[in-house]
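Enquirer: Sequence positions in the sequence shown follow the numbering used here and run 19 to 188.
Glycine residues also receive a C-beta, built at the ideal position from the N, C-alpha and C atoms.
This is the structure I have questions about; it appears just below.
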Amino acid sequence: MLIQPLSYQTLEQAIALVDKVFPYQRQSRYENASFAFRASLEKNNPSYSSLLYQMQITEANYWVTIDESSGKVVGTTGLYSYTKDESEAYWLGYTCVDPYFRGQGIGGMLVDFAIEKAPSSGKKILRLYTSNYPDQAVAQILYEKRGLLITGEEQIEGTNFKKIYRELKL
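Shown next, in the form of structure tokens:
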């Protein structure tokens with residue numbers, strides 16, 4: 019498995035994978051992989067930079083995991099910053115693995131990659147939010163094993179589920 023920066027060549031596969039793993043995120047206008055991934059590649063495009071500014075996102079970078087035998091995108095991860103805490107924290111985003119490739123340690127590899135990458139910009143904390151949706155139970159175990167501790171929870175409006183906030187001091 020090879021981790022490389024998201025590119026125009028891997029963009030559509032990466033979006034399709036996140037849409038498959040997190041189908042509910044497509045309903046959000048801005049908080050979806052299609053927007054986030056395109057914006058990260060089009061940093062100088064005024065349309066995207068203006069929307070990122072409105073969302074208070076100052077930086078967004080994403081990576082993909084490629085299965086070397088097939089050339090297929092089988093995982094994604096990202097690091098992004100919010101204006102409110104950009105000097106101290108990165109947020110982990112869109113970390114997922116194709117269901118067919120799960121159980122091979124790819125998710126752990128992606129989280130470890132992000133944990134190693136985060137301090138390079140002087141960040142002191144890695145944060146993320148996830149949920150208690152049943153399909154994210156294995157991810158909760160992975161985050162816990164990597165030291166990402168729960169710092170808060172909030173009810174997801176109109177559901178029986180909660181958004182879970184986690185962080186790791188780097």
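My output table needs one value for SER99: the three-state DSSP class, helix, strand or coil.
Expert: SER99: strand per DSSP, three-state reduction.
Enquirer: Threshold first: 4 residues or longer. Then list the alpha helix (DSSP H) segments lying entirely within the stretch 91-147, N to C.
Expert: You should have 124-135.
Enquirer: Residues bridged to ALA78 by DSSP?
Expert: In DSSP, ALA78 forms a bridge with TYR98.
Enquirer: Can you tell me which of SER139, PRO117, VAL115, LEU110 puts its alpha carbon nearest to the alpha carbon of ILE182?
Expert: It is LEU110 whose Cα lies nearest to the Cα of ILE182.
Enquirer: With distances taken Cα to Cα, identify the nearest neighbour of LYS187 among SER149, GLY176, SER65, PRO137.
Expert: Selected option, being the one with the closest Cα: PRO137.
Enquirer: For ARG184, does the three-state DSSP call read helix, strand or coil?
Expert: It is a strand residue.
Enquirer: Mark THR101 as exposed unless 16 or more other C-beta atoms lie within 10 angstroms of its C-beta, in which case mark it buried.
Expert: The residue in question, THR101, is exposed, as its Cβ has fewer than 16 Cβ neighbours within 10 Å.
Enquirer: When you compare the stretch 27-38 with the stretch 140-148, are there three or more beta-carbon pairs, one atom per stretch, that lie closer than 8 Å?
Expert: At 8 Å Cβ cutoff, the stretches do not touch.
Enquirer: On the DSSP bridge list, what partners appear for GLY170?
Expert: Beta-bridge pairing links GLY170 to TYR183.
Enquirer: Note down the Cα distance separating TYR108 from TYR80, rounded to an integer number of angstroms.
Expert: Those two C-alpha atoms are separated by around 12 Å.
Enquirer: Count the other C-beta atoms from every protein chain shown that fall within 10 angstroms of the C-beta of LYS163, then say buried if there are 16 or more, exposed otherwise.
Expert: It counts as exposed.
Enquirer: By DSSP, does LEU69 sit in helix, in strand, or in coil?
Expert: Helix at LEU69.
Enquirer: State the start and end residues of the unbroken alpha helix (DSSP H) segment that holds GLN22.
Expert: Counting along the chain, GLN22 falls outside any alpha helix (DSSP H), though it belongs to the beta strand (DSSP E) covering 20-23.
Enquirer: With distances taken between CB atoms, is the gap from LEU24 to SER58 smaller than 8 Å?
Expert: Cβ atoms of LEU24 and SER58: closer than 8 Å.
Enquirer: Flag ALA155 as yes when its Cβ comes closer than 7 Å to any non-hydrogen atom of the ligand HEM, and as no otherwise.
Expert: Because no ligand of any kind appears in the structure shown, any question about the ligand HEM cannot be addressed here.
Enquirer: So, using beta-carbon positions, are TYR151 and PHE179 closer together than 8 Å?
Expert: Against a cut-off of 8 Å, the Cβ pair of PHE179 and TYR151 comes out as a contact.
Enquirer: Which same chain residues, not among the five before or five after GLU175, have their C-beta less than 8 Å away from its C-beta?
Expert: Nothing listed; no residue qualifies.
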